[in-house]
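Engineer: Sharing a structure, written as structure tokens. Questions coming.
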Amino acid sequence: METSIIDFVTNNMILAVVWIGIVVALIQNVVKQKTAGYQEVDPSQATTLMNREDAIVLDIRSKDEFKSGHITGARHILPSDIKAGNLAGLENSKTTPIIVVCKTGQTAQASANDLHKEGFEQVKLLKNGLISWNEANLPLVKGKK
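The sequence shown begins at 1 in UniProt numbering and counts up by one.
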């Protein structure tokens with residue numbers, strides 16, 4: 001069997017390198033998810049948290065993006081404010097579920113980790129951001145909040 005693996009690798013070098021790359025990427029993804037200070041939630045789970053556990057939604061997009069449409073009851077806060085510890089009155093909500101939202105779910109990861117480092121116990125991240133919210137045909141509110 002040992003010679004068959006060596007023969008396969010030497011005869012199919014590109015395929016072997018691609019396979020190893022995929023395995024490494026999967027391992028990195030699993031480790032990242034396990035060590036992250038947040039949990040990803042889909043729109044359905046987010047609405048359940050909002051309705052049953054009074055979860056706080058933090059929208060970290062720009063002010064103009066926030067005004068163009070945000071989740072009902074969402075609070076606007078910039079990632080730079082979270083990083084600096086300017087948490088806009090959230091200090092007394094360390095045990096309340098916090099759902100961090102951005103446009104795609106990518107930008108919010110760092111902010112979610114920052115909140116966790118600040119001692120927030122139930123930090124959630126809306127998976128795929130407002131894109132998934134829109135795909136689920138859930139409402140957005142326009143204007144100031």
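Beta carbons: idealized from backbone N, C-alpha and C, even for Gly.
Here the structure is a predicted model, which means the values were calculated and not measured.
Considering only residues of the same chain and omitting the five flanking positions on each side of Ala136, which have a CB-CB separation below 6 Å?
Structural biologist: Result list for Ala136: Pro43, in chain order.
Engineer: I need the DSSP call for Lys124, collapsed to helix, strand or coil.
Structural biologist: Three-state result, Lys124: strand.
Engineer: So, using beta-carbon positions, are Asp59 and His76 closer together than 9 Å?
Structural biologist: Yes, the Cβ-Cβ distance between Asp59 and His76 is below 9 Å.
Engineer: DSSP three-state call for Pro79: helix, strand or coil?
Structural biologist: Helix.
Engineer: Can you pull the DSSP bridge partners for His70?
Structural biologist: According to DSSP, which records beta bridges pairwise, His70 is partnered with Val141.
Engineer: If you reduce the DSSP assignment to three classes, tell me which class Asp7 lands in.
Structural biologist: Asp7 falls in the helix class under three-state DSSP.
Engineer: For Asp59, which of helix, strand or coil comes out of DSSP?
Structural biologist: Strand.
Engineer: One question on the structure: do Ile99 and Phe120 come within less than 9 Å of each other, judged by their Cβ atoms?
Structural biologist: Contact flag unset, no.
Engineer: DSSP three-state call for Glu118: helix, strand or coil?
Structural biologist: In the structure shown, Glu118 sits in coil (DSSP, three-state: anything other than H, G, I, E or B).
Engineer: Buried or exposed: which applies to Lys117, given that a residue is buried once 16 or more other Cβ atoms fall within 10 Å of its Cβ?
Structural biologist: Lys117 is exposed by the Cβ-count criterion.
Engineer: What whole-angstrom Cβ distance do Ile71 and Leu140 have, given they're in contact under 8 Å?
Structural biologist: Their Cβ separation, rounded to whole angstroms, is 7 Å, which keeps Ile71 and Leu140 in contact under 8 Å.
Engineer: Count the other CB atoms, across all protein chains shown, that sit within 10 Å of the CB of Ser62; report buried if there are 16 or more and exposed otherwise.
Structural biologist: The residue in question, Ser62, is exposed, as its Cβ has fewer than 16 Cβ neighbours within 10 Å.
Engineer: Taking C-beta to C-beta, are Lys127 and Val41 nearer than 9 Å?
Structural biologist: Cβ atoms of Lys127 and Val41: closer than 9 Å.
Engineer: When the Cα of Ala112 is compared with those of Ala36, Lys142, Lys94, which residue comes out closest?
Structural biologist: Taking only the C-alpha atoms, the option nearest Ala112 is Ala36.
Engineer: Which value, in whole angstroms, describes the spacing of the CA atoms of Ile5 and Ile22?
Structural biologist: For Ile5 and Ile22, the distance between alpha carbons rounds to 18 Å.
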